[in-house]
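Enquirer:
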Amino acid sequence: MFLNDAQVPVGAVPDGAAGGDGLGLDRHHLSLSSWICVEDIYAHIFVLKCWRESEKVRGPPARACQSSVQNQDSRRCVCVLSEVFQPRGQKKKKVVKYGMGGMIVMLLICIVWFPLLFMSLVKSVAGVVNKPLDVSVTITLGGFQPIFTMSAQQNQLKDVTDRDFISFLNSYRHSSSALQFLEVYTAEDVTVAELEGSSNSLWTISPPSRKNLMDVLSKEDQFSGHHVLEHPEVQMQNLSLGAKAEFAMDKHITYLDMNTRQELIALLNGTRNKPV
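Reading the sequence shown from the start, the letters are residues 204 to 479 in the working numbering.
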């Protein structure tokens, strides 16, 4: 019976054996699909008969053997020890129940959780610091053309010392959510980007769009300014090892109050010279 069950996980073996039996018999009028269905029914009956015969045996260890099941099937029941099977209506021993059951449960947990635990351990212990190579900042008013664009590269990207990082953490000591976010990072994970105060591109806005922007700023509806931060990163600084480029982007939205909007309108009209 155990040998019969052992071949079931191998998908082609039962079907191949059933097909071979059907081709080897001359006197049957069944199609191949019907013959396979009959073989499947006989296989289930064969297993049930072996279990029932083993349950009849009591007392000292003995062997229960079903010599033949059907003449047409030509299967033989594998002899099994009667003490392997548990009689109906009786509790299993705790050693067997919790020992084997616990081992199976622990095995399933290890199969599911071990890859996740392994990847987390590799990432935390043997991870490579992902330093940015370029940082770009873009500021826009609503959906209009960007009014400020600047990028920082090479010498403008500064590393952070441990002392500066501790001072940075202390500035957020009153915010538990910020400290919870920052506690997984170290000074090696932080890079300071020094950006120039003037944009490296002109504000290309047409006169109709400029007038439309002034009309939108003068309304009572909320108007937002978008700060877009984009920085491409590389997994390994040594490009000969096969670096993989990645891009990260973040957007910060700030809603402008009426005083700031009036100052922007005056700046667009040309009646104000001071920066906003």
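From the three backbone atoms N, C-alpha and C, an ideal C-beta is built for every residue, glycine too. This structure is a prediction, so every number in the text was calculated from the model and none was measured.
1. Give me the Cα-Cα distance between residue 253 and residue 317, rounded to the nearest whole angstrom.
2. So, residue 399 versus residue 353, is the Cβ gap smaller than 9 Å?
3. So, for residue 467: in the same chain, excluding its five sequence neighbours on each side, which residues have a beta-carbon less than 7 Å away from its beta-carbon?
4. Tell me the DSSP bridge mates of residue 338?
5. Please identify the residue among 310, 391 and 407 whose C-alpha is closest to the C-alpha of residue 532.
6. Comparing alpha-carbon positions, which option in 459, 342 and 347 lies nearest residue 401?
7. For the alpha helix (DSSP H) that residue 419 lies in, which residues bound it at each end?
8. Evaluate contact between the region 333 to 347 and the region 404 to 420, counting only Cβ atoms and requiring at least three cross-stretch pairs below 8 Å.
9. With DSSP collapsed to three states, give me the class of residue 272.
10. Under 9 Å between the Cβ atoms of residue 499 and residue 359?
11. For my contact list, residue 471 and residue 413 are in at a C-beta cut-off of 8 Å; report their separation, rounded to the angstrom.
12. Hey, could you find the ends of the beta strand (DSSP E) residue 396 is sitting in?
13. Residue 382 by DSSP, collapsed to three states: which one?
14. Within 10 angstroms of its Cβ, does residue 255 collect 16 or more other Cβ (buried), or is it exposed?
15. On a Cα-Cα basis, can you pick out the residue from 368, 403, 415 and 296 that is closest to residue 386?
16. According to DSSP, is residue 463 part of a helix, a strand, or is it coil?
17. Going straight from the alpha carbon of residue 320 to that of residue 247, what length do you get?
18. On the criterion of 16 or more Cβ atoms from any shown chain inside 10 Å, does residue 376 qualify as buried, or is it exposed?
19. Name the two residues that bound the continuous beta strand (DSSP E) containing residue 362.
20. Looking at residue 389 and residue 361, is the spacing between their C-beta atoms short of 9 Å?
21. What did DSSP end up calling residue 345 once you bin it into helix, strand or coil?
22. Looking at C-alpha atoms only, which residue of 333, 384 and 403 is the closest neighbour of residue 339?
23. Can you tell me whether DSSP reads residue 294 as helix, strand or coil?
24. With DSSP run on the structure shown, which of helix, strand or coil describes residue 173?
Expert: For this structure:
1. So the alpha carbons of these two residues sit roughly 39 Å apart.
2. Taking 9 Å as the Cβ cut-off, residue 399 and residue 353 qualify as a contacting pair.
3. 420 and 479
4. 355
5. The structure shown does not extend to residue 532, since the chain spans only 204 to 479, so no value can be given for it.
6. 342
7. Run containing residue 419: 410 to 421, per the alpha helix (DSSP H) assignment.
8. Yes, the region 333 to 347 is in contact with the region 404 to 420.
9. With a pLDDT of only 39 at residue 272, under 50, the local geometry of the prediction cannot be trusted, and the value read off the model is given with reservation. Coil at residue 272, not helix or strand.
10. With the chain covering 204 to 479 only, the question about residue 499 has no answer from this structure.
11. 6 Å
12. 394 to 396
13. helix
14. Its Cβ having fewer than 16 others within 10 Å, residue 255 is exposed.
15. When each option's Cα is compared against that of residue 386, the closest is 368.
16. Helix at residue 463.
17. 41 Å
18. exposed
19. Start and end: 360 to 362.
20. no
21. Judged by DSSP in its simplified three-state form, residue 345 adopts coil rather than helix or strand.
22. 403
23. Residue state for residue 294 is assigned as coil, using DSSP reduced to three classes.
24. Because the chain in this structure spans residues 204 to 479, residue 173 falls outside the shown range and cannot be described.
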